[in-house]
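This report refers to the structure that appears directly beneath it.
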Amino acid sequence: MEAKTGGKVIRVLIAKPGLDGHDQGAKVIAYGLKDEGFEVIYTGLRRTPEEIVNAAVDEDVDVIGLSILSGAHLSIVRRIMSLLREKGVEDKMVLVGGIIPAEDIPKLKEMGVAEVFVSGTYISQVADFIRTRLGTSS
Amino acid sequence: MNEYLEKISEARRAWEEGPLAKAIQKFPYLNKESSRFFTPLDIEPFDFLEKVGFPGTYPFTAGTFPIEPMAGLARLASLAGGKGEIPGAGGQTRAAIYSGYGTPEDTRDYYKGLLEQGSRGGPNLAFDLPTQCGYDSDHPLAEGEVGKVGVCVDTLADFEIIYEPYQGDLNLDRIASNFTINAPANVIIAMYAALAEKRGIPLDKLRATPQNDILKEYIARGTYIFPPRHALRLFRDSLVFITRHMPNVNITSIGGYHIREAGATREQDLAFSMAIAVEYLKVGVEAGLEVDEFAPRFTFNAFGGSMEMLKEIAFQRAARRMYARILKERFGARDERSMRIRQAIGAHIGPSSTTLQRPLNNLTRAVIGAVASALSGGRPLPFPPYDEPLGLGWSMEALQLAQDAGRIIACEARLLEYTDPFAGSYCMESLTDEIENAAWEELEKIEKMGGAVAAIENGYMQREISRSAYERQRAIERGERLVVGVNCFTGEHELEVTTNRLVPNPYDPERRERAEERQKARLAEIKRNRDGREVARLLKELEDLARKEEENLLPHLIQCVKAYVTEGEICDVLREVFGEYQAVSPF
Chain B
146 MEAKTGGKVI RVLIAKPGLD GHDQGAKVIA YGLKDEGFEV IYTGLRRTPE EIVNAAVDED
206 VDVIGLSILS GAHLSIVRRI MSLLREKGVE DKMVLVGGII PAEDIPKLKE MGVAEVFVSG
266 TYISQVADFI RTRLGTSS
Chain P
533 MNEYLEKISE ARRAWEEGPL AKAIQKFPYL NKESSRFFTP LDIEPFDFLE KVGFPGTYPF
593 TAGTFPIEPM AGLARLASLA GGKGEIPGAG GQTRAAIYSG YGTPEDTRDY YKGLLEQGSR
653 GGPNLAFDLP TQCGYDSDHP LAEGEVGKVG VCVDTLADFE IIYEPYQGDL NLDRIASNFT
713 INAPANVIIA MYAALAEKRG IPLDKLRATP QNDILKEYIA RGTYIFPPRH ALRLFRDSLV
773 FITRHMPNVN ITSIGGYHIR EAGATREQDL AFSMAIAVEY LKVGVEAGLE VDEFAPRFTF
833 NAFGGSMEML KEIAFQRAAR RMYARILKER FGARDERSMR IRQAIGAHIG PSSTTLQRPL
893 NNLTRAVIGA VASALSGGRP LPFPPYDEPL GLGWSMEALQ LAQDAGRIIA CEARLLEYTD
953 PFAGSYCMES LTDEIENAAW EELEKIEKMG GAVAAIENGY MQREISRSAY ERQRAIERGE
1013 RLVVGVNCFT GEHELEVTTN RLVPNPYDPE RRERAEERQK ARLAEIKRNR DGREVARLLK
1073 ELEDLARKEE ENLLPHLIQC VKAYVTEGEI CDVLREVFGE YQAVSPF
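So the protein sequences, as listed, match chains B and P. With the working numbering applied, the first sequence covers 146 to 283. With the working numbering applied, the second sequence covers 533 to 1119.
Here it is as structure tokens:
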């Protein structure tokens, strides 16, 4: 399946910020997006916002997918968005997945998160969302 | 094959070709696998004493104990004569429900409240992630996580505060405590020992269960610090120290359930848990102890975690039998207490079986897990409360519903009146054999690699679990694995059922907001007031001792925590000596 933007394969960074070690979701989405034709980089556990943003820049990814289940999503995402702005790479698409209470979803979107995917999401929904937004659904 | 079985075989053939074939013809969506029927042919050869035995005796297939203690709940309730309040079953000393909020003061106040309501249980502590990962509350990696998902513990002072309400007839020799801690478990064990020594309570009077199951952290849950081989040395230190000085403290609480939640199949759950248990047992034997000296102090957190009720009942039976066989046949245990799987709850579903969609359905799911538990020789404790996947913490309403569902199963449905009611069932015995055989096969594969540690170091267990998790997700997306309200029976005319959270949570949100700031301030104060030179000396000595493989670090850790050396400082020294675990790539 095509997963390209501007002629090149879309690169996705899947990251686990914070100390939480529940990484089933992160790994499943990493495997799934790879099968959907994306290039996927997985950071592993316990990454700081700085490490994640640096990895996103170094790996020149188009999308940053954050998996957060610990309840620390608001402070982590706020920090990551401000680091992206500092580095001048706020054009990267940021997605959040995990256990996110419904009332926090608008708050995350206000910070600049493109979409929040909660439990019950299909991998194909995430893949389609990225393709549509990056204009390669052809 | 004897004449009797031949007759059954013939009758089966006639049934398949006749009535069964006809039924399948009539309903085209049915096939042979839609509903399986078992006969004596499926369990040949069957030796009752070898395969099942009596409850509480080898091979423990029918149950860990002769009678499940909760089976007395209905009787206790009727003795209370319809007057409501009843005491806990059988005067057991158990820890309270898993809890831990914000700072030690917040958690202390929560337990105070529980005690005022008549609870007699000791703390069952959930620690925040910095504590679980060996970082103090003032560490940059702890930012935003202090006091979340559990209480923060940096120094012995924090333990002193948490245990303030536990005095007199609730002192440390009268209660049981539970600590969900793994990588830095020895520091927490040292704090409990130090607290007891300061209160003049002999260590052999302490009752506690530290989770202390580090190996599953590398394949599930993820709160590891050191490379597995060094972690096993720390495990040896606590195993030996507990065996010699704290005979009423459990050494470990091995968690199959975490492995299942990380995505393992039923067979992987059983095989990996057993491989981990074998590794721990070897540690004790290699330290020069007799297996019967320490194995009775091994416990299990819980096994299981799926909605397939009959298979989960079989799983519990297979797990008990397999563990008993490992202890008796491989480790030469003679004491039956060594061969028992003691676990906090029996079969249950896990949070990964719950859905965010139509959350009240999760009560139905948890009750099915609890029924499976009751029918497999365990306590019917529905877990988790239905609002688990909402990410808001359990509401008091959901907790009460779960608790009452267990009571209804015991007192009204009276499911505990019969022990292992499926014993001898052609279906159940066949399923039990099937699961146990598959797990033995997988265990042998791991042993050929060199055991659980080797299978973690080479990434085998991690990758197998991740692949199973991915397979499960794909099966849901393809519609092969059904989840009601998620991939089937959904539609435009769905009711939007909301759940209320009307009963206030005991933890004040404002206190929660300021937890990190309050804890950091107090940690700074403790660091100012302690003897800095003594701390430096103790840490240097810790480093020297850690470098000597033969040394047991526990006695020295008790000295360290008494001088208010922090958990993070201790772990930093050990990180320096042992290094840190680097996870393997999932690809």
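For each residue, glycine too, the CB sits at the ideal point set by N, CA and C.
Compute the distance between the beta-carbons of residue 962/P and residue 540/P, then report whether it is under 8 Å. no
Taking the alpha-carbon positions, what's the residue 886/P to residue 1011/P distance? 17 Å
Any beta carbon from chain P within less than 8 Å of residue 191/B's own beta carbon? yes
Find the nearest neighbour of residue 244/B within the set 178/B, 261/B, 192/B, 231/B, judged by alpha-carbon distance. 261/B
For residue 175/B and residue 149/B, the rounded distance between their alpha carbons: 17 Å
Close beta carbons around residue 851/P, own chain, < 7 Å, minus the five adjacent residues each side: 802, 835, 873
Residue 794/P: first and last residue of the uninterrupted alpha helix (DSSP H) it sits in: Unbroken run through residue 794/P: none, as it is neither H nor E.
Using a Cβ cut-off of 7 Å, which residues of the stretch 228–259 of chain B contact any Cβ in chain P, in chain order? 244, 245, 246
Along chain P, which residues have their Cβ under 8 Å away from the Cβ of residue 164/B? 661, 662, 664, 665, 667, 673, 674, 677, 755
Reduced DSSP category for residue 220/B - H, G, I as helix; E, B as strand; rest coil: helix
Rounded to whole angstroms, what's the CA-CA distance from residue 631/P to residue 913/P? Just pull it up for me. 17 Å
Between residue 794/P and chain B, is there a C-beta pair that is closer than 8 Å? yes
Determine, using beta carbons only, whether residue 747/P and residue 811/P come nearer to each other than 8 Å. yes
What is the rounded straight-line gap between the Cα of residue 620/P and the Cα of residue 786/P? Residue confidence for residue 620/P is low, a pLDDT of 48 falling below 50, so the modelled location carries little weight; the figure read from the coordinates is stated next. One C-alpha to the other measures close to 25 Å.
Could you name the residues of the stretch 268–282 of chain B whose beta carbon sits closer than 8 Å to any beta carbon of chain P, in the order they occur along the chain? 268, 269
Closest by C-alpha distance to residue 1095/P, when choosing among 1077/P, 1065/P, 550/P: 1065/P
Between the CA atoms of residue 793/P and residue 731/P - distance to the nearest angstrom: 40 Å
Looking at the C-beta of residue 207/B, does it have a partner C-beta in chain P at a distance below 8 Å? no
Name the two residues that bound the continuous alpha helix (DSSP H) containing residue 723/P. 717–730
On the DSSP bridge list, what partners appear for residue 991/P? According to DSSP, which records beta bridges pairwise, residue 991/P is partnered with nothing at all.
Starting from the C-beta of residue 1015/P, find all residues in its chain whose C-beta is less than 8 Å away, skip the five residues before and the five after it, and write them out in chain order. 887, 1008
Within 8 Å, do at least three Cβ pairs link the stretch 858–871 of chain P to the stretch 809–827 of chain P? yes
Neighbour list for residue 998/P in chain B, Cβ cutoff strictly below 8 Å: 169, 172, 173, 176
Give the residues of chain B in contact with residue 888/P, contact being defined as C-beta atoms less than 7 Å apart. 263, 264, 265
Run through DSSP, which three-state label would residue 1110/P get? helix
Taking 8 Å as the threshold (beta carbon to beta carbon), is residue 1052/P in contact with chain B? no
Residue nearest to residue 511/P in terms of C-alpha spacing, selected from 595/P, 573/P, 837/P, 555/P: A query on residue 511/P cannot be resolved here, the shown segment of chain P reaching from 533 to 1119 and no further.
Just mark residue 563/P as buried or exposed, buried being the case when its beta carbon has 16 or more other beta carbons within 10 Å. exposed
I'd like to know whether the C-beta atoms of residue 719/P and residue 1102/P end up nearer to each other than 8 Å. yes
State whether the stretch 156–173 of chain B contacts the stretch 182–194 of chain B, with contact taken as three or more CB pairs (one from each stretch) at a distance under 8 Å. yes
Can you list the residues of chain B that residue 1018/P reaches, using a CB-CB cut of under 7 Å? 265
Please go through the same chain and pick out, in chain order, the residues whose beta-carbon is closer than 6 Å to the beta-carbon of residue 752/P, but skip the five residues on each side of it. 790, 791, 794
Environment of residue 535/P [buried if 16+ CB atoms lie within 10 Å]: exposed
On the three-pair Cβ rule with 8 Å, is the stretch 638–651 of chain P touching the stretch 708–726 of chain P? no
CB contact flag (residue 849/P, residue 908/P, <8 Å): yes
Along chain B, which residues have their Cβ under 8 Å away from the Cβ of residue 917/P? The premise fails here: residue 917/P is roughly 15 Å from chain B at the closest Cβ pair, so nothing lies under 8 Å.
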